[in-house]
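*Asks:*
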Amino acid sequence: MSGLNRQQMADAVARRFQDGWIVNLGVGIPTMCSNTAITADIIYHSENGVIGYGPLAEPGHEDMHLVNAGGQHVTLKPEAAVVHHADSFAIIRSGKIDVTVMGAYEVACNGDFANWKVAGALGGGIGGAMDLAASAKRVFIILEHTQRNGAPRLLTRCALPVTARGVVKLVATNLGLFEPAGEGFNLLEIAPGVSVDEIRAATGAPVLVPADLKTIAV
Amino acid sequence: MSGLNRQQMADAVARRFQDGWIVNLGVGIPTMCSNTAITADIIYHSENGVIGYGPLAEPGHEDMHLVNAGGQHVTLKPEAAVVHHADSFAIIRSGKIDVTVMGAYEVACNGDFANWKVAGALGGGIGGAMDLAASAKRVFIILEHTQRNGAPRLLTRCALPVTARGVVKLVATNLGLFEPAGEGFNLLEIAPGVSVDEIRAATGAPVLVPADLKTIAV
Amino acid sequence: MARQSKVVASFAEAVAGIEDGATIGFGGFAMPGVPFNLMRALQEQGAKRLTCVANTTGGAAQPRMPDIGHLVERGMVAKVICAFTAATRASDELPFTKYYERGEVEAELVPQGTLAERLRAAGAGIPAFYTPTAVGTELAEGRETRMFGGREYLLEAALPLDYAFIRAHRADTSGNLRFRRSQRNFNPVMAMAARVTIVEVENAIEPAGSFDPDDVHLAGIFVHRMVVIPPAPDGIWPQMREPRK
Amino acid sequence: MARQSKVVASFAEAVAGIEDGATIGFGGFAMPGVPFNLMRALQEQGAKRLTCVANTTGGAAQPRMPDIGHLVERGMVAKVICAFTAATRASDELPFTKYYERGEVEAELVPQGTLAERLRAAGAGIPAFYTPTAVGTELAEGRETRMFGGREYLLEAALPLDYAFIRAHRADTSGNLRFRRSQRNFNPVMAMAARVTIVEVENAIEPAGSFDPDDVHLAGIFVHRMVVIPPAPDGIWPQMREPRK
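Residue numbers (my numbering), protein chains in the order written: chain A, 149 to 366; chain B, 149 to 366; chain C, 75 to 319; chain D, 75 to 319.
#1: Below 9 Å on C-beta distance, what does Arg164/B contact in chain D?
#2: Does the distance from the C-beta atom of Thr131/D to that of Phe158/D stay below 8 Å?
#3: Which ranges would you report for the beta strand (DSSP E) in the segment 279 to 305 of chain B if only whole runs of at least 3 residues count?
#4: Could you give the DSSP three-state label for Cys156/D: helix, strand or coil?
#5: Which residues of the segment 141 to 168 of chain D have a Cβ closer than 8 Å to any Cβ of chain C? Give them in chain order.
#6: Nearest by alpha-carbon distance to Pro201/C: which of Ala198/D, Pro201/D, Thr205/D is it?
#7: Taking only the alpha-carbon atoms, compute the straight-line gap between Ala256/B and His232/B and give it to the nearest angstrom.
#8: Please identify, using Cβ separations under 9 Å, the residues of the segment 188 to 207 of chain C that lie next to chain D, in order along the chain.
#9: Would you mind reading off the limits of the alpha helix (DSSP H) that contains Tyr174/C?
#10: Could you tell me the distance, in whole angstroms, from the CA atom of Thr294/B to the CA atom of Phe239/C?
#11: Consider the Cβ of Gly352/A: report whether some Cβ of chain C lies at a distance smaller than 8 Å.
#12: Assuming Glu403/C contacts His243/C (C-beta within less than 8 Å), just tell me the rounded distance between them.
#13: With DSSP collapsed to three states, give me the class of Ala83/C.
#14: CB-CB under 7 Å to Thr179/B, same chain, minus the five flanking residues each way: which ones, in chain order?
#15: Measure the CB-CB distance between Arg241/D and Val108/D and report whether it falls below 8 Å.
#16: When the Cα atoms are used, what is the spatial distance from Gly199/D to Ile199/B?
#17: Who pairs with Tyr204/C in a beta bridge, going by DSSP?
#18: Quick one: which residues of the segment 305 to 320 of chain B get their C-beta closer than 9 Å to a C-beta of chain C? List them in chain order.
#19: Name the two residues that bound the continuous beta strand (DSSP E) containing Ser194/B.
#20: According to DSSP, Arg178/B sits in a beta bridge with which residue or residues?
#21: Please give me, in chain order, every unbroken run of the beta strand (DSSP E) with length at least 3 that falls completely inside the segment 192 to 237 of chain B.
#22: Is any heavy atom of the ligand ADP found at a distance shorter than 7 Å from the C-beta of Lys265/B?
#23: Taking contact to mean at least 3 C-beta pairs separated by less than 8 Å, is the segment 226 to 233 of chain C in contact with the segment 253 to 264 of chain C?
#24: According to the neighbour-count rule (16 or more other Cβ atoms, all chains shown, within 10 Å of its Cβ), is Ala88/C buried or exposed?
#25: Quick one: which residues of the segment 214 to 230 of chain D get their C-beta closer than 9 Å to a C-beta of chain C? List them in chain order.
#26: Apart from the five residues just before and just after Ala320/B, which ones in its own chain have a Cβ nearer than 6 Å to its Cβ?
#27: In chain order, what are the residue ranges of uninterrupted beta strand (DSSP E) at least 3 long that sit wholly in the segment 261 to 293 of chain C?
#28: CA-CA distance, Glu331/A and Arg305/A?
#29: Do Pro140/D and Met105/D come within 8 Å of each other at the CB atom, strictly closer than that value?
#30: Answer yes or no: does any C-beta atom of chain A fall closer than 8 Å to that of Asn261/C?
#31: Shorter than 8 Å from the beta carbon of Val290/D to some beta carbon of chain B?
#32: For the beta strand (DSSP E) containing Glu182/C, list its first residue and its last residue.
#33: If you pair each beta-carbon of the segment 237 to 245 of chain A with each one of the segment 277 to 290 of chain A, do three or more pairs fall below 8 Å?
#34: Can you tell me the Cα-Cα spacing of Gly259/A and Leu213/D, whole angstroms?
#35: Is it the case that the Cβ atoms of His298/D and Lys153/D are separated by a distance below 8 Å?
#36: Which bits of chain C does Arg254/D rub up against, with CB to CB less than 7 Å?
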């Protein structure tokens with residue numbers, strides 16, 4: 149029941165990108181979306197003001213002045229431009245990001261998600277997540293379907309403090325692709341070798357399955 | 149009783165500038181402050197985002213892409229930098245302009261002044277005057293002491309709609325240099341060949357004269 | 075699938091499809107950066123009930139360049155939002171002013187810095203902000219103010235545009251722009267505030283990558299259509315005027 | 075009378091005179107643009123009860139670079155205002171976090187875009203603005219929100235700084251700066267928000283006029299003290315780290 153690996157999860161999301169989109173990728177698995185050959189014509193934006201970055205730099209060819217929002221050394225496409233932080237978030241808040249892809253601790257079928265504060269902690273790590281979640285045209289979430297102890301991360305309501313409310317449009321896990329649909333998650337595509345019953349057992353909210361369920365291409 | 153000419157009025161104001169000041173000059177007589185040799189080390193700022201401009205361009209040497217706020221073709225000093233309009237007014241509103249020098253229709257001894265709308269007009273021309281007047285560290289006004297019909301422009305209260313309230317620190321006219329002082333104007337310096345009685349007769353507010361009245365150097 | 079080219083062949087094509095009732099911002103300050111060619115093309119395009127946003131409705135100087143006044147004269151304009159609806163010199167008259175005084179067009183007079191900041195706010199996803207400008211003046215009468223730190227500020231709203239018309243010095247095929255000297259002025263904030271930005275460019279469009287990414291003044295993501303200005307007399311290129319007295 | 079030179083000879087001189095109780099902003103994002111040398115000098119300078127503003131209190135990675143955590147460890151900090159007061163990965167721990175959990179320092183956690191915009195507002199004379207960010211979250215609890223166009227926004231206040239510590243790639247004697255690539259990040263807005271901006275510069279200071287006025291990223295009017303970073307090991311120059319798993 150392990151399903152997709154991390155790059156396959158990123159690929160499943162990246163396949164939904166459309167040519168010409170401006171895309172912001174969060175730390176972790178989401179950054180892998182820019183390392184896939186699936187999407188040819190995407191403009192990647194990162195919070196630190198880099199517009200139009202490309203794949204990760206080859207080892208030994210890193211530019212010490214150039215990182216993405218995850219601190220990884222990236223390359224630039226010819227169309228690249230650099231702006232300062234206030235202008236970078238002006239782009240975000242004014243709705244020019246077509247999709248933001250983020251990791252999360254929890255996501256709920258009402259479209260809420262939580263990714264900045266763990267249970268019992270005093271502090272948190274918000275970064276640009278709240279700005280992106282509030283204002284991007286689409287919020288896509290990538291996360292492991294369950295916690296290490298097997299507890300579900302896809303829930304009816306988030307237990308942790310939320311990052312934004314009602315904004316998630318697509319959820320990719322190792323088990324499948326889901327769409328928050330109010331009282332449950334629509335299962336859009338299923339990972340190869342995974343059964344619907346396994347998904348239902350691992351999900352903390354109703355899972356709605358279409359008659360013509362597709363399997364994710366890997 | 150004509151007193152100072154236009155350049156002499158500008159010079160009388162420019163003598164009050166201090167080295168290192170950031171200075172914004174309004175259209176008309178105030179622009180003449182940047183054409184005087186009196187002030188060696190001023191950073192001139194104009195609303196259209198030019199920081200560090202110098203004297204007017206010599207005829208035949210104008211740069212068609214470079215004007216000051218009055219639309220005059222200016223030159224650049226080596227320290228010059230260009231910003232866009234929102235950043236230019238960020239500089240103004242955040243209080244970084246040491247002095248703004250403007251023309252006016254009227255100025256009052258309570259520090260109010262009026263320079264954007266004439267009597268009976270429906271429209272007006274504000275330009276950057278209200279932003280500058282509200283936020284510059286000092287507002288200096290240069291204007292002819294009287295209207296063409298002899299009516300005073302220095303008043304107890306402005307009759308025209310004001311540009312800002314209580315902000316004027318210095319007033320230069322063809323007759324002298326004045327400081328708004330609440331219930332009247334302090335006469336700081338007098339133009340050569342002009343008498344205090346002439347000034348009082350031409351002023352619509354009390355004029356307070358110091359014992360050691362200086363004459364403006366021309 | 076490649077993205078569609080942003081370069082169009084004519085000014086008429088650049089302004090095609092502008093809807094009646096649109097809000098259009100025109101960049102420029104004095105002569106530099108004013109999209110004269112696009113403004114002339116818009117006169118021919120003929121959209122109605124426009125809201126026009128610019129520093130000024132048009133200058134008093136002659137010979138007269140394309141300006142908002144021309145659009146008003148053709149009955150295309152419902153409203154202007156500008157820092158000048160009349161000349162500052164009582165002896166001058168802006169072409170716009172007489173139509174305004176006759177009640178043929180509406181006008182909202184805005185301090186220049188407030189205008190720039192309202193555009194910047196629209197491009198920054200900020201719906202409203204407070205400014206010290208215009209407090210205590212006729213412009214603030216009846217409006218909401220608030221004290222912060224003992225000082226009074228006026229609430230101002232973002233000013234989003236449907237279209238921005240701007241003029242740039244150089245452009246690459248991805249829409250990255252460079253402005254020259256005081257040509258920059260309102261142009262970047264107009265573009266950031268707009269749904270669609272249309273640019274007249276003073277030089278031939280260069281290949282993507284022609285500018286160092288550190289030296290781009292307006293990123294291509296803000297630019298939608300570009301047209302190269304032909305040499306005079308087909309294109310409009312400001313020249314020196316007789317000095318004013 | 076000539077203006078005083080902005081160039082100082084040492085980091086100690088650059089941070090001299092910083093008062094107890096000052097609010098200091100530290101530019102940088104990840105490694106690029108962080109004023110590591112100035113932060114190290116501040117540890118020695120020893121001012122107390124500081125309010126520290128930055129994207130993060132410090133990274134979890136080793137070897138550890140100078141960060142706000144070091145200042146906290148020395149008892150110099152009353153409060154931090156940051157977008158990270160704990161690590162995003164539950165498995166990491168920021169050096170700062172344990173002092174915070176022990177109650178030895180106050181913290182205000184701010185979304186990164188709100189932080190940038192609050193600094194920008196301070197540098198733009200805007201005392202407060204509305205943002206959609208953080209609406210509906212724990213951060214908005216008990217705070218003022220307002221509807222504009224049917225959407226809820228949160229009121230946020232400007233965040234002025236006494237000092238900005240920043241790092242730039244090139245500088246001229248007038249203080250005009252250029253940043254390289256993502257080194258720009260928070261640095262210009264920190265400088266615009268500050269009363270005094272102190273810069274560590276990666277290259278020798280160049281004569282005024284070395285940069286085209288169109289290519290200045292931060293105008294010299296915002297810059298007060300500059301110091302050139304010496305070669306390693308005297309100066310701090312980030313190197314590649316072992317990749318994280």
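Note that beta-carbon positions come from the ideal geometry of N, C-alpha and C, so glycine has one too.
Being a predicted model, the structure only gives us computed values, none of them experimental.
*Replies:* In short:
#1: Within chain D, no residue comes near Arg164/B; the closest Cβ sits about 15 Å away, beyond 9 Å.
#2: Pairing Thr131/D with Phe158/D gives a Cβ-Cβ distance under 8 Å.
#3: Listed in chain order, they are 287 to 290.
#4: Assigned with DSSP and collapsed to three states, Cys156/D falls in strand.
#5: If the cut-off is 8 Å between Cβ atoms, the segment 141 to 168 of chain D has nothing near chain C.
#6: Residue nearest to Pro201/C within the set Ala198/D, Pro201/D, Thr205/D is Thr205/D (criterion: CA-CA distance).
#7: Their backbone Cα atoms lie some 34 Å apart in a straight line.
#8: Here the close residues are Glu191, Arg194, Ala195, Ala198, Gly199, Ile200, Pro201, Ala202, Phe203, Tyr204, Thr205, Pro206, Thr207.
#9: Looking at the DSSP string, the run of the alpha helix (DSSP H) that includes Tyr174/C is 171 to 175.
#10: Thr294/B and Phe239/C: Cα-Cα distance of roughly 43 Å.
#11: Taking 8 Å as the CB threshold, Gly352/A stays off the interface with chain C.
#12: Outside the displayed range of chain C (75 to 319) lies residue 403/C, so it cannot be described from this structure.
#13: Of the three classes helix, strand and coil, the one that applies to Ala83/C here is coil, per DSSP.
#14: Leaving aside the five residues that flank Thr179/B on each side, the residues in its chain whose CB is nearer than 7 Å to its CB run, in chain order, Leu173, Asn216, Gly218, Gln220.
#15: In contact: Arg241/D and Val108/D (Cβ atoms closer than 8 Å).
#16: One Cα belongs to Gly199/D, the other to Ile199/B, and the distance between them is close to 18 Å.
#17: Beta-bridge pairing links Tyr204/C to Leu229/C.
#18: For the segment 305 to 320 of chain B, residues whose beta-carbon sits nearer than 9 Å to a beta-carbon of chain C comprise Pro309, Val310, Thr311, Ala312, Arg313, Gly314.
#19: Segment 191 to 194, the beta strand (DSSP E) holding Ser194/B.
#20: The amino acid occupying residue 178/B in the given sequence is Pro; Arg does not appear at that position. As DSSP reads the structure, Pro178/B sits in no beta bridge.
#21: If we require 3 residues or more, the beta strand (DSSP E) runs fully inside the segment 192 to 237 of chain B come out as 198 to 204, 222 to 230.
#22: Ligands are entirely absent from the displayed structure, and the ligand ADP is therefore not among its contents.
#23: Taking a cut-off of 8 Å for Cβ pairs, the segment 226 to 233 of chain C and the segment 253 to 264 of chain C do not touch, as fewer than three such pairs fall below it.
#24: Result: buried.
#25: Taking 9 Å as the Cβ-Cβ cut-off, the segment 214 to 230 of chain D approaches chain C at Arg220, Phe222, Gly223, Arg225, Tyr227, given in chain order.
#26: Listed in chain order, the non-local C-beta contacts of Ala320/B below 6 Å within the same chain comprise Met157, Ala160, Val161, Ile290, local neighbours out to five positions each way being set aside.
#27: Counting whole runs of 3 or more residues, the segment 261 to 293 of chain C contains the beta strand (DSSP E) stretches 268 to 275.
#28: Taking the straight line joining both Cα atoms gives about 10 Å.
#29: In this structure, Met105/D lies away from Pro140/D, with their beta-carbon atoms at least 8 Å apart.
#30: Chain A contact via Cβ: absent.
#31: Yes, contact with chain B.
#32: Note, Glu182/C: beta strand (DSSP E), 180 to 183.
#33: Counting Cβ pairs under 8 Å, three or more are found: they touch.
#34: C-alpha separation (whole angstroms): 19 Å.
#35: With respect to Lys153/D, His298/D sits apart: the two C-beta atoms are not nearer than 8 Å.
#36: Within chain C, the C-beta atoms nearer than 7 Å to that of Arg254/D come from Asp288, in chain order.
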